[in-house]
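Engineer: Quick note on numbering: the sequence shown equals residues 134 to 423 in my numbering. We put the beta carbon where it would ideally sit given N, CA and C, even for glycine. Model, not experiment: these values are computed from the prediction. Please find one structure pasted underneath; my questions will follow.
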Amino acid sequence: MAGKFFVAPADKNYFLARWARIHGFGDEFYWQSLQAIEKYLKASLVVNDITAKRYGHQITRLFEKHLDLFENETIRKFKKPKDVHSRYWDNETVPSFIKRINIQGDPDSRYGMVSWYHTPNDLFKLDQLVFRIRRLTVGLDWIIGLDWEVDEEFSKYNGNTLRKLIVDYPYHQIRPVINLPRYPTNLAGNALSDVLHAWNFSFVRDLEDLEKPAPSTVAPSIGPFENSYIYLLWEYIHHEGSKDDPYIVDGIKWLTGHVSLGKPTEDAFISRLAQLARMQKPPSFNGEDG
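Printed below as a string of structure tokens:
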């Protein structure tokens with residue numbers, strides 16, 4: 134659940150942050166970085182049974198709680214890559230970097246209400262931060278081989294907790310690799326501005342933009358779709374068999390206690406739990422023939 138709610142969306146935010154920085158969209162880099170860091174940090178907490186509801190979007194507070202939980206196993210300082218020249222590197226602390234992302238990635242930055250500035254090593258620091266936090270979006274006490282599968286080279290850890298593997302291999306990415314589409318980068322054309330004009334019948338630049346073949350990502354014959362996980366869970370708990378599912382009550386209690394779903398959604402799930410409880414309660418009888 135944490136992987137689907139937090140890690141997978143964070144992976145997309147992280148990719149888009151890198152794309153934005155590489156292509157010169159500064160404010161968008163900080164916005165996407167903030168989104169990615171927030172989701173990775175929340176995932177690292179909820180899988181270890183710590184609620185993420187009370188922290189909102191404040192990644193500085195989330196990181197403080199993350200540090201309390203993982204202590205020396207998480208990132209404590211940045212390390213200059215050997216191929217980065219010293220003039221492009223400063224010794225900014227991890228909390229300071231996160232605070233800067235928190236400020237410059239604030240939603241108000243998208244309306245020109247927050248100042249932002251680049252430093253030459255922002256991207257390299259984001260990479261280190263994401264790598265170290267993402268690998269900790271697993272339960273420290275999960276049992277390897279039972280709760281979590283590892284690569285064959287780590288099969289000797291079967292039966293141990295993930296905590297031991299994390300400590301022994303501080304730079305092993307325990308989560309599966311980031312899964313992204315493998316489309317070519319020049320679908321619209323060789324210039325970044327082509328993305329604005331390709332197949333744009335409203336903002337026409339020249340006929341070439343309209344005449345070149347469009348990839349399936351623009352107009353697929355069968356449109357892709359994906360159901361909301363909350364929707365699927367809501368549908369499931371309204372099936373007759375859900376009242377006999379031993380995991381459903383504890384699962385929904387965990388979900389509403391650890392993840393911010395929005396008050397209407399949360400209230401609806403809690404109300405449904407109460408209905409399920411009444412359905413499971415044996416009927417009471419009155420009278421001699423009862």
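So, using beta-carbon positions, are asparagine 146 and alanine 176 closer together than 8 Å?
Structural biologist: Residue 146 sits at position 13 when you count from the first residue of the sequence shown. Residue 176 sits at position 43 when you count from the first residue of the sequence shown. No, Cβ-Cβ distance for asparagine 146 and alanine 176 is not below 8 Å.
Engineer: Applying the 10 Å Cβ sphere with the 16-neighbour rule, what's the burial state of alanine 135?
Structural biologist: Within the sequence shown, numbered from 1, the residue matching residue 135 stands at position 2. Alanine 135 should be labelled buried.
Engineer: Write down the C-beta distance between isoleucine 299 and leucine 343 rounded to the nearest angstrom, noting that I regard them as a contact closer than 8 Å.
Structural biologist: Translated into positions along the sequence shown, residue 299 becomes position 166. Translated into positions along the sequence shown, residue 343 becomes position 210. Not confirmed; about 53 Å, so no contact.
Engineer: Smallest Cα separation from phenylalanine 139: which of His372, Ala401, Glu368, Ile311?
Structural biologist: In the sequence shown, counting from the first residue as 1, residue 139 sits at position 6. Measuring from the Cα of phenylalanine 139, the nearest candidate turns out to be Ile311.
Engineer: Tell me which residue opens and which closes the alpha helix (DSSP H) that leucine 365 is part of.
Structural biologist: By 1-based counting over the sequence shown, the position of residue 365 is 232. Residues 362-369.
Engineer: Measuring CA to CA, which of Ile276, Leu329, Arg308 is closest to arginine 296?
Structural biologist: Within the sequence shown, the letter at position 163 stands for residue 296. When each option's Cα is compared against that of arginine 296, the closest is Ile276.
Engineer: Can you round the beta-carbon distance between leucine 200 and threonine 207 to whole angstroms, since I take them to be within the 8 Å contact cut?
Structural biologist: Start at 1 with the first residue of the sequence shown, and residue 200 comes out as number 67. Start at 1 with the first residue of the sequence shown, and residue 207 comes out as number 74. Contact flag correct, Cβ pair sits at about 6 Å.
Engineer: With the cut-off set at 8 Å, would you say leucine 329 and phenylalanine 336 are in Cβ contact?
Structural biologist: Working through the sequence shown from its first residue, we reach residue 329 at position 196. Working through the sequence shown from its first residue, we reach residue 336 at position 203. Yes. Within cutoff.
Engineer: Can you confirm whether the region 344-360 touches the region 388-405 when touching is taken to mean that 3 or more C-beta pairs between the two stretches lie within less than 8 Å?
Structural biologist: Segments in contact, no.
Engineer: Confirm, please, whether the CB-CB distance from tyrosine 173 to arginine 267 is below 8 Å.
Structural biologist: On the sequence shown, residue 267 is found 134 positions in, with the first residue counted as 1. On the sequence shown, residue 173 is found 40 positions in, with the first residue counted as 1. Going by C-beta atoms, arginine 267 is nearer than 8 Å to tyrosine 173.
Engineer: Sorted by chain position, which residues of the same chain lie with C-beta nearer than 7 Å to leucine 368's C-beta, five sequence neighbours on each side aside?
Structural biologist: As a first step, residue 368 is located in the sequence shown; it is residue number 235 there, counting from the start. In the sequence under discussion, the amino acid at residue 368 is glutamate, which differs from the leucine named in the question. Answer for glutamate 368: no residue qualifies.
Engineer: Span of the alpha helix (DSSP H) holding serine 375?
Structural biologist: Counting from one through the sequence shown, the residue named residue 375 turns up at place 242. Segment: none, serine 375 is in no alpha helix (DSSP H) and carries neither H nor E.
Engineer: With H, G and I counted as helix, E and B as strand and the rest as coil, what does DSSP make of threonine 193?
Structural biologist: The count along the sequence shown starts at 1 and reaches residue 193 at position 60. In this structure, threonine 193 counts as helix in the three-state DSSP scheme.
Engineer: Any contact of the region 248-268 with the region 303-310, i.e. 3+ C-beta pairs under 8 Å?
Structural biologist: Because the criterion of three Cβ pairs below 8 Å is met, the region 248-268 and the region 303-310 touch.
Engineer: Can you tell me whether glycine 423 is buried or exposed? The criterion is at least 16 other CB atoms within 10 Å of its CB, across all chains shown.
Structural biologist: Translated into positions along the sequence shown, residue 423 becomes position 290. Note that glycine 423 scores a pLDDT of 46, beneath 50, so its modelled location is shaky; the value from the coordinates is reported in the next line. When all chains shown are included, glycine 423 counts as exposed.
Engineer: Kindly identify the DSSP beta-bridge partner or partners of tryptophan 281.
Structural biologist: For this step, residue 281 is matched to residue 148 along the sequence shown. Paired residue(s): Ile277.
Engineer: Quick check on asparagine 235: buried or exposed, where buried means 16 or more other Cβ atoms within 10 Å of its Cβ?
Structural biologist: As a first step, residue 235 must be located in the sequence shown, where it is residue number 102. By the 10 Å Cβ count, asparagine 235 comes out buried.
Engineer: Counting C-beta neighbours from all protein chains within 10 Å, is the total for tyrosine 188 16 or more, i.e. buried, or is it exposed?
Structural biologist: As a position in the sequence shown, residue 188 is number 55, starting the count at 1. Tyrosine 188 comes out buried.
Engineer: Under 7 Å Cβ to Cβ from alanine 141, same chain only, skipping five residues before and after it: list those, please.
Structural biologist: As a working mapping, residue 141 is identified with position 8 in the sequence shown. Closer than 7 Å at the Cβ level, and outside the excluded window around alanine 141, lies no residue.
Engineer: Can you find the residues in the same chain that come closer than 7 Å, C-beta to C-beta, to tryptophan 164, ignoring five residues on each side of it along the sequence?
Structural biologist: Counted from its first residue, the sequence shown places residue 164 at position 31. Gly238, Ser242, Arg243, listed in sequence order.
Engineer: Give me the DSSP bridge partner(s) of threonine 207.
Structural biologist: In the sequence shown, counting from the first residue as 1, residue 207 sits at position 74. BP columns for threonine 207 are empty, so no partner.
Engineer: Of the residues Val283, Ala143, Gly278, Asn360, which one's Cα is nearest the Cα of proline 309?
Structural biologist: The residue labelled residue 309 in the question sits at position 176 within the sequence shown. Comparing Cα positions, the closest option is Val283.
Engineer: So what does DSSP say about threonine 424, is it helix, strand or coil?
Structural biologist: In this structure the chain extends from 134 to 423, so residue 424 is not present and cannot be described.
Engineer: Kindly indicate which three-state DSSP category glycine 423 falls into: helix, strand or coil?
Structural biologist: Reading the sequence shown from its first residue, position 290 is the one you call residue 423. For glycine 423, the pLDDT reaches just 46, beneath the cut-off of 50, and the residue's location in the model is therefore unreliable, although a value from the coordinates is still provided. Looking at glycine 423 - three-state DSSP - the assignment turns out to be coil, as it is neither helix nor strand.
Engineer: What residues match up with threonine 252 in a beta bridge as DSSP calls it?
Structural biologist: Position 119 of the sequence shown holds residue 252. DSSP, once it has assigned bridges, lists no residue as partnering threonine 252.
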